[in-house]
Structures are given as C-alpha cells and as structure tokens.
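For reference, the structure is listed below as structure tokens.
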Amino acid sequence: MLPVRRPPRILPLVALLLGVLLAGCGPQPAGSADTAEREVRRAVADWSRTVPEALAGIPLTDWAYEVSSVRRDGARALAAARLRYRLAGYDTAPEESAREVELVREDGAWRVGADRPAPGALPQLWDQGPVSVAAGTHSLVLGGAGQSAGTLREIAAEADRAVPAASAAWPGPWAGRVVVLVPGSLDAMARLLGRPADTYRGLGAVTTGRVGAGPAPADRVVVNPEGYAGLGAEGRRIILTHEVAHVATRAATSATTPLWLSEGFADWAAYRGAAAAPAQAAPALARAVRRGELPGELPRTEDFAFGGDPDAAARAYEGAWLACRLIAAEWGGKALVELYGRAGREPLETALRSTLGVDRAGLTQAWQESLRGELR
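291 is the number of the first residue of the sequence shown in the working numbering; add one for each residue after it.
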C-alpha cells in the first residue's frame with residue numbers, strides 16, 4: 291500500500307483571507323455609508339428646524355421633515371422626506387407633502403442645496419415662487435407669484451362674507467374659517483392640483499380636502515385667477531359661498547353622499563337671498579326644458595365631470611341646485627340639512643324616507659314638476 295499523501299497545510303492562508311473579508315463586513319469607520327447616511331439625516335433635521343425665511347409671512351407651525359431614505363453619490367445626496375406642517379389657527383391636523391431634499395458635502399459637512407416636490411408629488415404653492423398673504427376675519431388667503439396685494443385683500447373680504455353665509459345655511463359644527471389659495475395663473479393652478487389646465491378653464495374656484503369626520507387639515511379653496519377675474523361682483527359672491535359651503539359640510543360628506551346633493555346644497559347656500567329667478571340662474575337647464583328635454587332622473591355623478599361637455603355639466607349643477615331648492619321650499623331648510631347628514635351615513639333611499647317621507651322616484655317626480663313650472 292502506498293503511503294497516503296496529505297495536502298499541504300493552507301489553513302493559515304484561508305483564515306487570513308476570511309479575516310480580511312469579514313473585516314469588510316463589520317462596523318464601518320467614520321466616513322462609511324452608514325455614517326454618511328446618519329450625517330445626511332442629521333443635516334436635514336438641523337436645516338428643517340426653522341421655517342425658510344421666504345415663508346416667514348405664512349403662519350406655519352409644527353414644521354418638520356421626516357427622512358425615509360437616502361441615496362448618496364460621492365459628495366452629493368438625495369433624501370426622500372415627508373414635510374408636515376399646519377397653518378396656525380386653521381389646520382387641526384398636519385398637512386403632508388412628499389419632498390426630495392438635495393444635499394452637497396462641503397468642508398466636511400452636509401448642507402441642503404435644494405428642496406423640491408418628490409417625483410410624482412404635487413407641489414406646494416411656494417414651489418411656484420414667492421407667496422403673499424392676506425388675513426381676513428374668517429379667512430387666510432395665500433397668493434402665488436404675480437398676485438397683487440389688492441387682489442388678495444378683495445378675495446379675503448369676499449371670503450369673510452362667504453363664511454357667515456355658509457354658516458347660516460349649514461348649522462352643523464364646523465371651524466367657521468377658510469383657507470384660500472390664489473395661484474399666479476390657470477396653468478399654475480393646474481400644476482398645483484395635478485390636472486390639465488382645461489379641467490379648470492371657465493371655473494371660478496374649486497375645493498380640495500378629505501371627506502368624512504376625523505382630524506384633517508383645513509380644506510383649501512383654490513381660486514382660478516382667470517375664471518374668477520371674469521366674474522362680476524355677484525358671481526364672485528356665489529362662487530366663494532359655494533366653495534365655503536363645501537368646506538362647512540366636509541365632515542358630514544362621505545362617499546355615499548350623492549354628488550347632486552353635495553353640489554346642490556352648496557349652490558342652495560350660495561343662491562339664498564339672490565334676486566335672480568330660477569330661469570335666469572339656470573339658463574342651460576331652462577333651454578333644455580323649453581326644447582322638451584326634461585331630465586329623466588336626478589343628475590348622476592358622471593354628469594358633473596370637469597373637462598367634458600360644459601353645457602351638460604351646467605345642466606347638472608343647475609338641476610342639483612333646483613332639487614335642493616325644492617326640498618328646502620317643500621320640506622324646509624332643516625329637512626334639507628338633515629337629509630344631507632343622513633345621506634353621508636346611510637343609503638339615500640333610507641335617508642329620503644326618514645327625512646322627507648318619499649323615495650327617490652317620488653322626489654324625482656316632484657323635481658320634474660317643479661322644472662316644468664319654473665323653467666318654461
């Protein structure tokens with residue numbers, strides 16, 4: 291038998307190599323990726339402790355950036371963060387915005403060089419340029435780049451008149467104050483809301499916000515500066531009262547609230563006390579009724595779509611207003627308010643029977659009869 295040949299002893303070399311590899315996986319010295327990320331996060335936290343000087347005129351509070359991730363490339367870094375803030379006296383919960391913070395490393399320290407909306411996120415008004423502020427008794431108006439102080443003061447005065455008008459129509463609890471944003475142009479408004487400009491062309495204003503009860507930032511009424519400027523004094527009053535009524539009813543509004551009821555109620559609040567006859571205030575629907583085109587049903591959700599047939603959308607809004615006007619006239623304003631509240635909590639048929647004593651078909655028939663009588 292031949293003697294067994296044993297392999298040479300290479301264990302010391304393997305152990306040495308393994309030790310080197312393991313050393314690379316252990317805790318990193320200062321300047322490593324982990325340390326750099328901590329430094330970036332700390333730099334963002336330090337930078338965000340104070341509101342930027344350019345925004346000093348806005349009553350911002352609870353201003354904070356929370357970094358969720360960091361991407362570093364040498365002396366540059368991008369931090370994905372969430373901005374949270376409140377408008378003092380208006381927001382009961384923080385407003386949130388996804389942000390991308392860019393940093394550079396200079397003289398051994400990370401410094402913030404830029405702050406912008408995260409990819410795909412909506413901008414804040416101040417991302418579009420300098421912001422001006424006009425404070426009313428019941429309103430806070432923030433104007434985008436190019437808006438004059440006089441225009442903002444006029445809108446604040448109109449919003450101050452709209453708040454008590456909405457409160458008179460809606461006795462339910464609400465904050466009794468409103469935040470109005472006035473972007474610099476229609477295109478700026480569209481970018482702020484993330485929709486094509488044609489969606490809002492011809493509109494005076496829209497309202498953004500969360501539906502339902504619970505803590506939430508104050509709704510924002512966003513004015514289309516081009517559409518609003520083309521309105522007369524009465525049109526501006528109606529538009530802002532309509533939008534403020536949406537703010538007032540927001541906590542009672544849910545996914546089950548029919549759009550004809552929410553839009554019709556807001557118009558009912560805006561038109562209360564107006565001198566215009568129904569045929570004058572609802573011209574598109576009046577023309578249709580005179581042509582023999584009486585609506586076969588209450589306006590559907592899709593009838594209110596922005597960017598579609600403007601005449602069809604006008605008929606939907608006018609029909610919704612006249613439905614709520616009819617309810618208030620026949621059953622009383624309190625019944626309309628109660629119907630609104632119930633429709634946000636239960637099926638419409640149940641809400642109708644509980645408050646008006648009719649079903650949807652009965653209300654539709656009464657509405658059609660009122661259209662024949664008032665619009666011909």
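All C-beta atoms, glycine included, are put in the ideal place defined by N, C-alpha and C.
Item: Nearest-angstrom Cα distance between I528 and A458?; Value: 14 Å
Item: I'd like to check one pair, A641 with R632: are the Cβ atoms closer than 8 Å?; Value: yes
Item: Once DSSP output is grouped into helix, strand and coil, what is the label at R467?; Value: coil
Item: Please confirm whether G522 and G494 have their CB atoms less than 8 Å apart.; Value: no
Item: Going by other Cβ atoms of all chains shown within 10 Å of its Cβ, with 16 needed for buried, is P515 buried or exposed?; Value: buried
Item: If we ignore side chains and look at the alpha-carbon of each, how far apart do A465 and A564 end up?; Value: 25 Å
Item: Look up S358 in the DSSP assignment and say whether it is helix, strand or coil.; Value: strand
Item: Is A562 helix, strand or coil by DSSP?; Value: Here the sequence assigns Arg to residue 562, which means Ala is not the residue at that position. Coil.
Item: Pick out whichever of E620, R362 and Y380 has its Cα sitting closest to the Cα of A508.; Value: Y380
Item: Run the CB neighbour count on A566, radius 10 Å, all protein chains shown included, and call it buried at 16 or more, exposed below.; Value: exposed
Item: So the candidates are W611, P473 and R577; which of them puts its Cα closest to the Cα of P548?; Value: W611
Item: For V579, collect the residues of the same chain with a Cβ closer than 8 Å to its Cβ; drop the 5 residues on either side in sequence, then sort them by chain order.; Value: L661, R662, L665 and R666
Item: To which residues does DSSP link S422 through a beta bridge?; Value: G433
Item: Residues in the same chain with beta-carbon distance under 7 Å from G554, minus the five sequence neighbours each way, listed in chain order, please.; Value: A610, W611, A613 and C614
Item: Let's test the definition: count the other Cβ atoms within 10 Å of the Cβ of S644 and tell me whether it reaches 16, buried, or not, exposed.; Value: exposed
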